[in-house]
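Enquirer: One structure, as structure tokens, below. Some questions next.
Residue numbers (the working numbering): 1 to 873.
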């Protein structure tokens, strides 16, 4: 059966179709839709191929950005600068005609001209046409032209480059007959002669210089000798201020760095110093002087002639050792030498008599102590003498007896009053040591111990004792010292307040004691704060009980409470908004100003003191205290004259009627008066009579203090919005005062205060207005729920077409900006990868070269080693 032939159509049909490119499913990214909706048109962004897009972008950057990066440093670019090439207004024929015209007008004869006007050749910034021809070069002093291989410009101009053809004007006939060789020989001879002359002149100059140097040295020697000679003081040159300053700086000691001592080290050194001083005082009180000052008795035998040796002058007492009846003879003051026991008894009797004669007013106890000490010393000396006697009992000869007789006769004839003088001096030293303050004190545990320790001493000694107690019990010296000092601080504060109750008050001691209290507070501020706070609470409770008994009216406290409040702003800060001690102190002070009526002059003084204290409390914080302003307003009410039928308005604790409404009215007119601060011991002393302050002097002083306080508080409260309402009653009271009754200084001060208050009160104030913009509510986490939901977007709700277009453009702008930033970021990443790749290629190439070099060197080294090992043939 024959094969069936295939048609052409079958061939075409059966022809293999080109296989479609398979796509890796892992390179396809599909944006999953949260909710599939039937009939919704699928967006082109729902399916993407990031790998393919990335490869296309990289290929595109390879063709554009990479090429530009490689060509960034290339400068060999062909730029077409033909005439009219970049002129779009000219056609091809016009361009050709312009080029032909410029070519014909160009002169080729001046092509190589160096002096062309258009082009100017330069050399190192200097035009070649202006540079000199260097025909006359400058010859230096040290070397001539011949030495440097050069000849003069005249020779060059006459003999070289045709110059020899021109005849010279000096002797043209001779020049014509001389040959070139003769002329050159003359030039050489002339140059040699000039060189020889210069050499001779140089040698002569050198010799002359050496001669001058030697003569100058001799002259300098003569000048130096003349300066050093002391015969002519007038010839000495006086040093000026600058030389003196330089010499002082030369010998000035340079500063050296050192470490500052810590507080513990300083306390330890101070304690050691006090211990040493106390030991010295006790030794002097016992009559024991320094070891260097005590005279020493030196024993030397009777046959010691002391010839040929220098006597020791530092030893005050020297005596020959002698014995009688087996006992040592001792020298006495009255010139009689006696044996050991008798001498000791006589010494005791003499010393007791001298003590009675010199110091008859001493106590019996001190005399007994001295006698006991002396008896102990004498007994010790007796023991020493007895030990010496035992060794010399059997050694007695006729020669010794004769010498003893001579010594006795000498002792009887010579009297020594020095012993009496030494005893008096010793006794004076002991008395001074007893009267001196001890340097070490035990810290008192209770208040009675402190009073017993300080009551018999002066104010200066009391401060010294307290200071030494603090130094001896510093917290760094022992563990329990801090607690002891805290207890001691409590007793010290109590003693501080008790000093104010004495008659008269010890204000000077209180003032100096404040410094020591402040130092102790810095060591333990918290316990001190609790201590002061308890004191304030106790006194405030006493004040409250008084107010309850007197229907809400209190009494101004004594001086101890006032000084305790005065201590608060010194020890604690007053600028804090809330302080554990300062705030209760302010409340207690204002409570007294508000509830204590003014009945007599001492109440006025106490109120002024509290007002000054309030000023210290609020000088930094500028806190408003209405009680102070009210009290000052009440004092002005006490100053103004009152009408019988009319009562001025005044606020409690002041009363519009009564016997105390005219306490500060003057009896007479005063033209001049010297104002001075009021003494607290006089105006606040409760022991003094009330009538002692009823005089114009106190009234003027109180008025002066009141005006000063009003000025201070007006300056302090000038920034208050209610300054007009606060000080308007005070201005009203000032208008009622007759300024002519007061001295000129006080009158000027009152007028100044009134003017200042008026200026502060007349300031314009802005009225209260409603806020123009509704305050924005705070953001919360609660969702916004709308009862009627609108599907339209908020941005499409606008009815303005321009606003919608603007929003669309803004949206496109933001989109393009994000795309541009994204492309720039990708370009930078591409350049970074390319730079890294180039660097790695360069490093690999360099490493390959290094490896080849090392291989070559290794091969050479191996061949060399093989040649060395080979045996010689």
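By construction, the Cβ of each residue, glycine as well, lies at the ideal position given by its N, Cα and C atoms.
For residue 444, which option in 490, 458 and 437 has the closest C-alpha, if you only look at C-alpha atoms?
Expert: Considering only alpha carbons, the answer is 490.
Enquirer: If you run the structure through DSSP and keep just helix, strand and coil, what is residue 440?
Expert: Residue 440 sits in coil when the DSSP states are folded into three classes, being neither helix nor strand.
Enquirer: Counting only runs of 4+ residues fully inside the region 722-808, write out the alpha helix (DSSP H) ranges in chain order.
Expert: The region 722-808 contains, as complete alpha helix (DSSP H) runs of 4+ residues, the segments 723-736 and 744-761 (chain order).
Enquirer: Give the range of the alpha helix (DSSP H) segment to which residue 276 is assigned.
Expert: 263-285
Enquirer: What is the rounded straight-line gap between the Cα of residue 706 and the Cα of residue 521?
Expert: Spanning the two alpha carbons is a distance of roughly 33 Å.
Enquirer: Leaving out five residues on either side along the sequence, give the residues of the same chain with a beta carbon under 7 Å from the beta carbon of residue 667.
Expert: Closer than 7 Å at the Cβ level, and outside the excluded window around residue 667, lie 696.
Enquirer: Report the rounded CA-to-CA distance for residue 66 versus residue 36, giving the unit in angstroms.
Expert: Distance from the CA of residue 66 to the CA of residue 36, rounded to the nearest whole angstrom, comes to 44 Å.
Enquirer: Using 9 Å as the threshold, is the C-beta distance between residue 539 and residue 574 below it?
Expert: no
Enquirer: Enumerate in chain order the residues of its own chain whose CB-to-CB distance from residue 642 is below 8 Å, with the five nearest sequence positions on each side excluded.
Expert: 648, 661 and 662
Enquirer: What are the boundary residues of the alpha helix (DSSP H) that includes residue 512?
Expert: Looking at the DSSP string, the run of the alpha helix (DSSP H) that includes residue 512 is 507-523.
Enquirer: Keeping to the same chain, check which residues put their C-beta closer than 7 Å to that of residue 285; ignore five residues upstream and five downstream.
Expert: 430, 433 and 434
Enquirer: Can you tell me whether DSSP reads residue 29 as helix, strand or coil?
Expert: strand
Enquirer: Which residues in the same chain have their Cβ closer than 8 Å to the Cβ of residue 518, if we skip the five residues on either side of it in sequence?
Expert: Excluding residues within five positions, the ones whose Cβ falls inside 8 Å are 570 and 571.
Enquirer: Measuring alpha carbon to alpha carbon, tell me which residue in 104, 640 and 588 is nearest residue 703.
Expert: 640
Enquirer: Report buried or exposed for residue 582, applying the criterion of at least 16 other Cβ atoms within 10 angstroms of its Cβ.
Expert: buried
Enquirer: Which word fits residue 251, buried or exposed, when buried means at least 16 other C-beta atoms lie within 10 angstroms of its C-beta?
Expert: Of the residues assessed, residue 251 falls on the exposed side of the cut-off, its CB having fewer than 16 other CB atoms within 10 angstroms.
Enquirer: Using 9 Å as the threshold, is the C-beta distance between residue 700 and residue 675 below it?
Expert: yes
Enquirer: Look up residue 490 in the DSSP assignment and say whether it is helix, strand or coil.
Expert: helix
Enquirer: For residue 685, report the span of its alpha helix (DSSP H) as first-last.
Expert: It is not in any alpha helix (DSSP H) - residue 685 carries neither H nor E in the DSSP assignment.
Enquirer: Just confirm the distance between the C-beta atoms of residue 737 and residue 710, as a whole number of angstroms; I'd bet it's less than 8 Å.
Expert: About 12 Å; that fails the 8 Å criterion.
Enquirer: Under a Cβ-count criterion, where at least 16 other Cβ atoms within 10 Å of its own Cβ denotes burial, should residue 717 be classed as buried or exposed?
Expert: buried
Enquirer: Can you tell me the Cα-Cα spacing of residue 733 and residue 629, whole angstroms?
Expert: Those two C-alpha atoms are separated by around 13 Å.
Enquirer: Check whether the Cβ atoms of residue 28 and residue 44 lie closer than 9 Å to each other.
Expert: No, the pair does not count as a contact, with Cβ atoms beyond the cut-off.
Enquirer: In the DSSP assignment, what are the bridge partners of residue 48?
Expert: 29
Enquirer: If you compare alpha carbons, which of 223, 187, 244 and 459 is closest to residue 512?
Expert: 459
Enquirer: Thinking C-beta only, is residue 90 closer than 9 Å to residue 81?
Expert: no
Enquirer: Using CA atoms only, rank isn't needed, just tell me which of 749, 25, 600 and 528 is closest to residue 693.
Expert: 600
Enquirer: With 16 as the cutoff for other CB atoms within 10 Å, does residue 882 come out buried or exposed?
Expert: Absent from the model: residue 882. The displayed extent of the chain is 1 to 873, so no value can be given.
Enquirer: Would you mind sorting residue 750 into buried or exposed? The rule is 16 or more other CB atoms within 10 Å of its CB.
Expert: It is buried - the Cβ of residue 750 has at least 16 other Cβ atoms within 10 Å.
Enquirer: Output yes or no for whether 9 Å exceeds the beta carbon distance between residue 741 and residue 669.
Expert: yes
Enquirer: Rounded to whole angstroms, how far is the Cβ of residue 485 from the Cβ of residue 472, which I believe are closer than 8 Å?
Expert: Their Cβ separation, rounded to whole angstroms, is 11 Å, which puts residue 485 and residue 472 out of contact at 8 Å.
Enquirer: Tell me whether residue 607 is buried or exposed, calling it buried when 16 or more other Cβ atoms sit within 10 Å of its Cβ.
Expert: Label assigned to residue 607: buried.
Enquirer: Return helix, strand or coil for residue 455, following the three-state DSSP convention.
Expert: coil
Enquirer: Just to confirm my understanding: we take residue 504, look at its own chain, exclude 5 residues before and 5 after, and list those with CB closer than 6 Å. What are they?
Expert: 681
Enquirer: For residue 662, which three-state DSSP category applies?
Expert: coil
Enquirer: Which one of 632, 475 and 197 has the shortest CA to CA distance from residue 652?
Expert: 632
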